[in-house]
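Shown next, in structure tokens, is the structure this report addresses.
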Amino acid sequence: MPTRRGDDSTIIVMQRDASPDDVAHVVERLRDVGAEAHVSEGQLRTVIGAVGDRAAIQQLPWEAFPGVERAVPVLKPYKFVSRDFQTADTIVDVGGVPVGAETVVAIAGPCAVESRDQLFAAADAVQQAGATILRGDAFKPRTSPYSFQGLGEKGLELLAEARTEFGLPFVAEVLDPRDIELVSAYADLIRIGTRSMANFPLLAEVGRQPKPVLLKRGFTATVEEWLNAAEYVYKEGNHSIILCERGIRTFETQTRNTLDISAVPVVRHLSHLPILVDPSHSGGRRELVMPLARAAVAAGADGIMVDVHPAPETALVDGTQAILPEEFANLMDEIRALAAALGRPA
Ligand code: PEP
Ligand code: MN
9 MPTRRGDDST IIVMQRDASP DDVAHVVERL RDVGAEAHVS EGQLRTVIGA VGDRAAIQQL
69 PWEAFPGVER AVPVLKPYKF VSRDFQTADT IVDVGGVPVG AETVVAIAGP CAVESRDQLF
129 AAADAVQQAG ATILRGDAFK PRTSPYSFQG LGEKGLELLA EARTEFGLPF VAEVLDPRDI
189 ELVSAYADLI RIGTRSMANF PLLAEVGRQP KPVLLKRGFT ATVEEWLNAA EYVYKEGNHS
249 IILCERGIRT FETQTRNTLD ISAVPVVRHL SHLPILVDPS HSGGRRELVM PLARAAVAAG
309 ADGIMVDVHP APETALVDGT QAILPEEFAN LMDEIRALAA ALGRPA
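Under the working numbering, the first residue of the sequence shown carries the number 9, and numbering increases by one thereafter.
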């Protein structure tokens, strides 16, 4: 099968202490052999994606170049996020909480921040039940432009207050590239929602800010398209990316979306990035959250993200899928038992 342009490439991994001159030298030599050089300057190290004639690229003795650690051939359209490039699992630090390590991580909280009372009641409950990251949005992507759109900066302020009060780092969505600086200034983890997964300028922009990124799967996206979206973020220098399966649109109408549970092992095979599952937005119904969360952990997910609301009947967003604090506590008990049976802490 002929490879598509760019599928056949080589990643040049620079040593941690490589100098800008070392990087420039590699780029120059790649250009000499007619290859494109995509430089991704991460917090830990710089990596360079070389796209062009493989034989021409690989004939150069990369490991003898100053500052170069190794050269890795990659045969995927997405490169930096592929397992071919990095065999070890990536562990992303979210405000001190490791995501992608042995422990099953639970992110929980309300879909949207509605008030101080609502947020604090939810944060208190999820913290006590064992969640280690709080969720809650200040900017909501709504199907109708007339629905509640979120509290904006006020919502972020409340989330930051809850972080101090309950010791939980938090994740919040960013919808508009113009809000990235603001959300990044407050949040510990920036979420790209399903509707924005293919917004490439937004992806590139979150790739240029320092906070880790939680990238949800587009509800019409294939796994390959999703990993390419992650590549947009990585390429700009942000290497702290967490993926989140949240259901895809199929012909089935009993659920809001169809949770693609097979995406968990598929992604783990194809990519080194951590993968979470959102059992709330996939099923769209409260009674499905527990079984889907169990399925996620059984399938090998690094964690779950769950909507929890102290009074779902009053929720301004997604009340039908939010579970009550006591239901979340039960869910955590089950997840812990399941994780233990699988030899994992939770
Ligand atoms: C959410 O997590 O609140 C959300 C809106 O999810 P999604 O983008 O997956 O619909
Ligand atoms: Mn929601």
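C-beta: ideal position from N, C-alpha, C; glycine also.
Within the DSSP secondary-structure output, H46 pairs in a beta bridge with G57. With fewer than 16 other beta carbons inside 10 angstroms of its own, A348 counts as exposed.
Screening all residues for a C-beta within a distance smaller than 5 Å of any heavy atom in the ligand PEP leaves C119, G201, T202, K224, R254, H289, in chain order. Under DSSP, T18 takes part in a beta bridge, and its partners are A58, P81. Residue pairing for R143: DSSP places it in a beta bridge opposite V179. Taking 8 Å as the cut-off, one finds at least one heavy atom of the ligand MN near enough to the beta carbon of V325. If you draw a straight line from the Cα of R53 to the Cα of D16, it comes to about 23 Å. Between P287 and the set E189, T258, A301, K148, the nearest pair of CA atoms involves A301. Positions of the alpha helix (DSSP H) runs, each at least 4 residues long and wholly inside the region 219–295, are given as 231–243, 271–278, 287–291 in order along the chain.
Boundaries for I343: no beta strand (DSSP E) harbours it, while the alpha helix (DSSP H) harbouring it runs 333–349, taken from the DSSP string.
Under the three-state reduction of DSSP output, R216 falls in the coil class, being neither helix nor strand. The C-alpha of I343 lies about 32 Å from the C-alpha of G215.
Looking from the CA of T258, the closest CA among L267, I250, L251 belongs to L267. C-alpha of G144 to C-alpha of G292: approximately 17 Å in a straight line. Within the region 93–143, the complete alpha helix (DSSP H) segments at least 4 residues long are 124–137, listed from N- to C-terminus.
Around the beta carbon of D315, 16 or more other beta carbons lie within 10 angstroms, which makes this residue buried.
In the structure shown, M205 falls within a coil segment according to DSSP collapsed to helix, strand and coil. Counting of Cβ neighbours within 10 angstroms places E244 among the buried residues, the total reaching 16 or more. At least one heavy atom of the ligand MN lies less than 8 Å from the C-beta of D315. Bounds of the beta strand (DSSP E) holding V314 are 311–315.
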